[in-house]
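Colleague:
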Amino acid sequence: MSGATETYARWVHELQYDAIPEGAVHNAKEQMLSILGAVYGGAATEAGAAITSAVREWGDREESSVVAGGYRTSVRSAALVNSVNAQVLEYEDWVGVVHTGATVVPVALAAAEAMGAGGRDLIAAQVAGNEVAARVGLATLGGRGAGNQHAVHQVEVPLVAGKLLGLDPTQLMDAVGGSCTQAQFPVVLGWTSHAKGYLTGMPAYTGIAAAQIARHGFTGNREIVEHAKGYCFEAQGLLRPDQLTVGLGEKWHTQDSLTIKPYPMCGFTMAPTDCLLDLVREHDIQPDDVAEVVVECPITFVITGTMWSAVPDLYDRIANPHESGWSWIPLLFDGHYPLAAAIVDREVTPRQFTRERIADPRIRGLLDRIRLVHDPELDMALVAGRGFGAKVTLRTRDGRVLEKVTREHRGGPGNPIDAADKFRTATRDVLPPERQDTIIRAVRSVERLENARELGDLLRGP
Amino acid sequence: MAEQFSLEDALHRFCESWSKAVERRSPIVGGRLFHKTVNCHTGSEAFAVTFKPSGAELRPGADPAAHATFTLSEDDWRGLLSGRYGVWSVQLANRQRPIMEEDGLIRQLGLIMQSFALRKE
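Top line first, the protein sequences correspond to chains A and B. Numbering of the first sequence is given in the numbering used here, commencing with residue 1 and proceeding in unit increments. Numbering of the second sequence is given in the numbering used here, commencing with residue 1001 and proceeding in unit increments.
(1) Below 9 Å on C-beta distance, what does A/W308 contact in chain B?
(2) Please look up how many angstroms separate the CB atoms of A/Y40 and A/V430, rounded, as I've assumed it's under 8 Å.
(3) Measure from the alpha carbon of A/G370 to the alpha carbon of each residue in A/I208, A/E292, A/E347, then state which is nearest.
(4) Could you confirm whether any beta carbon from chain A is found closer than 7 Å to the beta carbon of B/M1001?
(5) Among the candidates A/T300, A/E434, A/D437, A/H409, whose CA atom is the shortest distance from the CA of B/L1111?
(6) Can you find a C-beta in chain B that's less than 7 Å from the C-beta of A/I299?
(7) If you measure between the beta carbons of A/L141 and A/V95, is that distance less than 7 Å?
(8) So A/L248 contacts chain B; which residues on that side make the cut at Cβ distance below 8 Å?
(9) Throw me the rounded Cβ distance for the A/E6 and A/M173 pair, which I believe falls under 8 Å.
(10) What does a CB cutoff of less than 6 Å around A/T219 pick up in its chain, not counting 5 residues either side in sequence?
(11) Could you tell me which uninterrupted beta strand (DSSP E) segments, each at least 3 residues in length, are contained entirely in the stretch 246-320 of chain A, listed from first to last along the chain?
(12) Given a limit of 7 Å on CB to CB distance, which residues of the stretch 368-387 of chain A reach chain B?
(13) Could you name the residues that DSSP lists as bridge partners for B/C1040?
(14) Is it buried or exposed, A/K29, if we count other Cβ atoms within 10 angstroms and call 16 or more buried?
(15) State yes or no: is the beta carbon of B/S1017 nearer than 7 Å to at least one beta carbon in chain A?
(16) So, helix, strand or coil for A/H322, using DSSP?
(17) Whole angstroms are fine: how far does the CA of A/A38 sit from the CA of A/R460?
(18) Taking Cβ-Cβ distances shorter than 8 Å, what residues in chain B pair up with A/L189?
(19) Check whether the stretch 411-421 of chain A and the stretch 79-86 of chain A are in contact - that is, three or more C-beta pairs closer than 8 Å.
(20) Note down, in chain order, every chain A residue with its Cβ under 7 Å from the Cβ of B/L1118.
(21) Less than 7 Å between the C-beta atoms of A/Q236 and A/A151, yes or no?
(22) At a CB distance below 8 Å, what residues from the stretch 1060-1085 of chain B approach chain A? Give them in sequence order.
(23) Near A/V107, which residues of its chain fall below 6 Å by C-beta distance, leaving aside the five closest residues on each side in sequence?
(24) Would you say the stretch 319-327 of chain A touches the stretch 188-195 of chain A, given that touching needs at least three Cβ pairs under 8 Å?
(25) Please confirm whether A/V136 and A/V105 have their CB atoms less than 7 Å apart.
(26) For the stretch 277-285 of chain A against the stretch 110-121 of chain A, are there 3 or more C-beta pairs whose distance is under 8 Å?
(27) Anything in chain A within Cβ reach of B/L1111, meaning under 8 Å, just list it in chain order.
(28) Pull up the distance between the alpha-carbon of A/L449 and that of A/L33, whole angstroms please.
(29) Of all the alpha helix (DSSP H) runs that stay within the bounds of the stretch 325-363 of chain A, which reach a length of 4 or more residues?
(30) What is the DSSP secondary structure of A/D418, reduced to helix, strand or coil?
(31) Threshold first: 3 residues or longer. Then list the beta strand (DSSP E) segments lying entirely within the stretch 88-161 of chain A, N to C.
(32) Between A/S64 and A/A110, how many whole angstroms is the CB-CB distance? I'm expecting something under 8 Å.
(33) Mind the definition here: the stretch 1009-1017 of chain B touches the stretch 1054-1067 of chain B only if three or more C-beta pairs lie below 8 Å; say whether that holds.
Structural data, given as structure tokens:
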């Protein structure tokens, strides 16, 4: 019986667009649009400017487009830049229990453009990546890392790239073996800085390289995913090997469990943000009206929402990035800042993580009025697969008590958002409306594209 | 004037809460803490906490056979036990240096401490 590495290689190699259910195709296009929004948003940050100009200087062969960068570069370098930019605003997605969009979309786009593949092949590769990553995630859930720290990408990236680069199943196995031999595990401390983008950017770069090299006969271990001492064990801890291939080709995680983030933030913050925005907008709450905001939440939000709370000079470091090396990125995980910004600005978008908004005294003045309360019932709901819930109680200075509850935040499988709306919000400061509409139309009909280079041409311009 | 912090008193209250939670079969508690002893230090004083299915026991002094040693400043014990932040927060602030083999246990205990401080009534 074949192990997971071989099973993935054969299944990915054989997967054709026509075998993918309509719901998965639809979601793949939504995911692509969402990620492109994140990429444009990320490209407009200091991190995006730095990586875009750095890679341009490399002068690599011109085969794939850097979104908003104005140039083509090698397939792996384009995927690096686009993946980093998709990552630096924490504005991506997850499928099953792992974050996939910031790798599968940039890698598929870059490889498809380099090979002149059509839109149907592009979608098939992207979906294949989601399906593999989701299963690796489920097999290693509860191990070393969770959320964006959950190490999976060195499995799916070489498969996505390799499929489009024309690797046969044996070469795909070697590509995965090569990619997984130097396991990469995210160091969360680095998420204070632009380097957080490397968490998907580097696996994208090295995974594509592994695929390109495997095509020339360079071998890798062909059991590396499922082996007792393989990648899943070393990087995460392989707790449920039976989950690695279950339902492959029958159950489609891309269709059933895609969550697209409506806001640039940690996934655990979304339910409280939904509740608070609804309250502020419905009741026309002004910042000075607020006496207290109480957020009842799962333990996951408590842990990540306070992860930077012991750093006494957090805001000084963020305000002085060149001296400190820190950035806005810690606040994407904070349990207080995004909620305070939501009260003042009535939205949480990339704009709320600019230096100007972070320094706003009205936002800073609300931070101490936000209090987290751990509700174990919400943990139970999470464990039972009922999504992230929250309850927000807003007490006003004039004595009103306003409450909002959600069982599943916007963007989840049971409460999907329109990815075009997200794309417009994410790109409103960088793209004019006509260009937004052109890109949305192109992505929503990507399966009709004969050559992905046309999409690259469209996305490359600033 | 800031209230005088007593690690012993704070740990005593935590042990009582933990024991009641175990009795109620409350989620999160128990599990990997059962039959483990953790030495809790400020640097100048130490206490050993042993977690059993029957409850948590607090003893003065460090236990040489403890499974983990958990050292925080008085301020950080205050921060953790008030729920203001967790042990991961203190580690990311570079004020608690874990030993790899003990880190899982420390993080689990810290999670429960923070959770108890913030738990819905």
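Every residue gets a Cβ at the ideal spot worked out from N, C-alpha and C, and that includes glycine. As the structure is a prediction and not an experimental result, all values here were calculated from the model.
Modeller: Short version:
(1) Under the 9 Å cutoff, chain B gives Y1085, S1089, L1092, A1093.
(2) With a contact defined as Cβ atoms closer than 8 Å, A/Y40 and A/V430 qualify at about 5 Å.
(3) Checking the sequence shown, residue 370 of chain A turns out to be Ile, not Gly. Taking only the C-alpha atoms, the option nearest A/I370 is A/E292.
(4) Because B/M1001 sits at a pLDDT of 48, beneath the cut-off of 50, its placement in the model cannot be relied upon, and the point is left open.
(5) Answer by Cα proximity: A/T300.
(6) Proximity of A/I299 to chain B, defined by a Cβ-Cβ separation below 7 Å, is satisfied.
(7) No, the Cβ-Cβ distance between A/L141 and A/V95 is not below 7 Å.
(8) One finds nothing in chain B with a Cβ atom closer than 8 Å to the Cβ of A/L248; even the nearest lies about 32 Å away.
(9) Sure, about 6 Å apart at Cβ, within 8 Å.
(10) Exclusion of the five residues before and after A/T219 leaves D174 as the residues of its chain whose Cβ lies within less than 6 Å of its Cβ.
(11) The qualifying runs are 258-260, 290-297.
(12) Cβ contacts with chain B: L372, V373, H374, D375, P376, D379, M380.
(13) DSSP, once it has assigned bridges, lists B/F1047, B/F1070 as partnering B/C1040.
(14) Buried is the call here.
(15) Among the CB atoms of chain A, none fall inside 7 Å of the CB of B/S1017.
(16) The answer is helix: DSSP assigns A/H322 an H, G or I state.
(17) Each residue's Cα considered, the two are about 15 Å apart.
(18) Scanning chain B for C-beta atoms nearer than 8 Å to the C-beta of A/L189 yields L1092, reported in chain order.
(19) With the rule of 3 Cβ pairs closer than 8 Å, the stretch 411-421 of chain A does not count as touching the stretch 79-86 of chain A.
(20) At a beta-carbon threshold of 7 Å, the residues of chain A lying near B/L1118 are V302, L372, V373, H374, ordered along the chain.
(21) Cβ atoms of A/Q236 and A/A151: closer than 7 Å.
(22) Going along the stretch 1060-1085 of chain B in chain order, one finds D1076, G1079, G1083, R1084, Y1085 with a Cβ nearer than 8 Å to chain A.
(23) The residues A79, V157, V160, A161, A204, in chain order, have a CB closer than 6 Å to that of A/V107 in the same chain once the five nearest residues on each side in sequence are set aside.
(24) Judged by Cβ distances under 8 Å, the stretch 319-327 of chain A makes contact with the stretch 188-195 of chain A, as three or more pairs qualify.
(25) Cβ distance not < 7 Å, so A/V136 and A/V105 don't count as in contact.
(26) Segments in contact, no.
(27) Neighbours of B/L1111 on chain A, chain order: I299, I303.
(28) One alpha carbon belongs to A/L449, the other to A/L33, and they sit about 15 Å apart.
(29) Within the stretch 325-363 of chain A, the complete alpha helix (DSSP H) runs of at least 4 residues are 337-345, 355-358.
(30) Of the three classes helix, strand and coil, the one that applies to A/D418 here is coil, per DSSP.
(31) Counting only runs of 3 or more, we get 93-95.
(32) Between the beta-carbon of A/S64 and that of A/A110 there is about 4 Å, and that keeps the pair under the 8 Å contact cut.
(33) Put simply, the stretch 1009-1017 of chain B touches the stretch 1054-1067 of chain B. At least three CB pairs are less than 8 Å apart.
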